[in-house]
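J.:
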Amino acid sequence: MLKSSKKEDSSKKNQNNKLIFTVRKLFSPIKNFFRKTKTPDNFFGVIKRLKINSQKMTLDERNILANLLELEYKTIEDIMVPRSDIAAIKLTTNLEELSESIKLEVPHTRTLIYDGTLDNVVGFIHIKDLFKALATKQNGRLKKLIRKHIIAAPSMKLLDLLAKMRRERTHIAIVVDEYGGTDGLVTIEDLIEEIVGRIDDEHDQQLDSDNFKVINNSTIISNARVEVEVLEEIIGEKLQNDDDEFDTIGGLVLTRVSSVPAIGTRIDISENIEIEVTDATPRSLKQVKIRLKNGLNGK
């Protein structure tokens, strides 16, 4: 494993400090507004007034303002991790089994726990609680480590969800459909990313979240949330059956493995298709590189 130099670490630290300063500076008038009022009804009015006086703001500050204004229209459905991309653990798993599994992969910071099926999520565990339990040799089930989550509808506005998470003091929301089944997942990190934007290393060369790019006759770069139908249409090959429970390329990959694969993992999908994970978090896939051994449409 390559280690970053002190110069690179210092650069990243300075970049993070700059971002923190920018967010604090920009949010100070918003924080003062909420101190003086008991309702956030005029929240977007405050943001719009800030934007009018944005001539002296930096590019980072203007970008955050623009992201905040978009929250007025965005709902959970716009950003949630779909069901097919969710990684979770059965309630019946004991600590010893879990400790063995995390030795083989980067552990999730927070992992969902379900009883029976994913439609019955009972909460989540934080990795630090697991490590503490293992260090003190606490044997048994996961139940005593479970933290509470909240339930939300896909149509809920992101700002309302952020407020609810703060009130309930939790970082995870399970999105449910009209029948009460698990439809997706949203974390506090997802919400913050919508405001401050994605923070990439200067050497990262990731695509925008909505991109699906055909690089050449044998290579495609895609966001993992792009629907499988898009890929099928491009390559002229059927990859999804009517009874399959996944809709996205990320979901297709997860049907071939037992957990979220690490960056660099290559998975054979068919005789013609190999998918390499190029961006992922411990919880979900972000971006993949699709290699077509026979080229587009077998050409």
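If you read the sequence shown in UniProt numbering, its first letter stands for residue 1, the second for the next number, and so on. Glycine included, every Cβ here is placed at the ideal spot set by N, Cα and C.
1. What number of angstroms, rounded off, separates the C-alpha of Ile-199 from the C-alpha of Lys-164?
2. Within 10 Å of its beta-carbon, does Asp-183 have 16 or more other beta-carbons around it, so buried, or fewer, so exposed?
3. Which value, in whole angstroms, describes the spacing of the CA atoms of Lys-238 and Ile-263?
4. Are Leu-292 and Ile-249 closer than 8 Å when you measure CB to CB?
5. Rounded to the nearest angstrom, what separates Tyr-114 and Lys-289 at their Cα positions?
6. Per DSSP, Ser-222 is paired with what?
7. How big is the Cα-Cα spacing for Leu-95 and Val-226?
8. Check Asn-94 in the structure and name its three-state DSSP category.
9. Given that a residue counts as buried once 16 or more other Cβ atoms are within 10 Å of its Cβ, and exposed if not, what is Asn-241?
10. Taking 8 Å as the cut-off, decide whether the C-beta atoms of Ile-150 and Thr-170 are in contact.
11. Beta strand (DSSP E) containing Leu-185: first to last residue?
12. Determine, using beta carbons only, whether Ile-146 and Val-122 come nearer to each other than 8 Å.
13. Contact check, Val-230 vs Phe-212 under 8 Å by CB: the rounded distance?
14. Got a sec, what are the start and stop residues for the alpha helix (DSSP H) Val-253 sits in?
15. For Glu-276 and Asn-217, I'd like the C-alpha separation in whole angstroms.
16. Taking the C-alpha atoms as reference points, what is the distance between Ile-221 and Leu-91?
17. Would you kindly work out how many angstroms separate the C-alpha atoms of Gln-206 and Ile-79, rounded to a whole number?
18. Rounding to the nearest angstrom, what Cα-Cα distance links Ser-84 and Lys-286 in this structure?
19. Measure the alpha-carbon distance for Leu-26 versus Glu-193 and round it to whole angstroms.
20. Should Arg-35 be labelled buried (16 or more other beta-carbon atoms within 10 Å of its own) or exposed?
21. Could you pull out every residue in the same chain whose Cβ sits closer than 8 Å to the Cβ of Leu-296, ignoring the five residues on either side in sequence?
22. By a C-beta neighbour count over all protein chains shown, 10 Å radius and 16 as the cutoff for buried, is Phe-131 buried or exposed?
23. Look up Lys-157 in the DSSP assignment and say whether it is helix, strand or coil.
24. For Val-186 versus Ile-269, is the C-beta spacing smaller than 8 Å?
25. CB of Thr-265 to nearest heavy atom of the ligand HEM: below 7 Å?
T.: By the coordinates alone:
1. Below a pLDDT of 50, predicted positions are generally treated as unreliable, and Ile-199, at 40, falls in that range; the measurement from the model is reported next regardless. In a straight line, the C-alpha of Ile-199 is about 25 Å away from that of Lys-164.
2. buried
3. 26 Å
4. no
5. 31 Å
6. Phe-212 and Val-288
7. 35 Å
8. strand
9. exposed
10. yes
11. 182 to 187
12. yes
13. 6 Å
14. 249 to 254
15. 17 Å
16. 36 Å
17. Any reading at Gln-206 needs caution, since the residue's pLDDT is 42, under 50, leaving its predicted position unreliable; the model's value is listed next. Gln-206 and Ile-79: Cα-Cα distance of roughly 18 Å.
18. 13 Å
19. Model confidence at Leu-26 stands at a pLDDT of 49, short of 50, so the residue's coordinates are unreliable and nothing is read from them.
20. Residue confidence is low: Arg-35 scores 45 on pLDDT, short of 50, so the model does not pin down where it sits. Its coordinate-derived value is still stated next. Classification for Arg-35: exposed.
21. Val-214, Asn-217, Ser-218, Ile-234, Ile-235 and Gly-236
22. exposed
23. strand
24. no
25. Looking for the ligand HEM in the displayed structure turns up nothing, as the structure carries no ligands at all.
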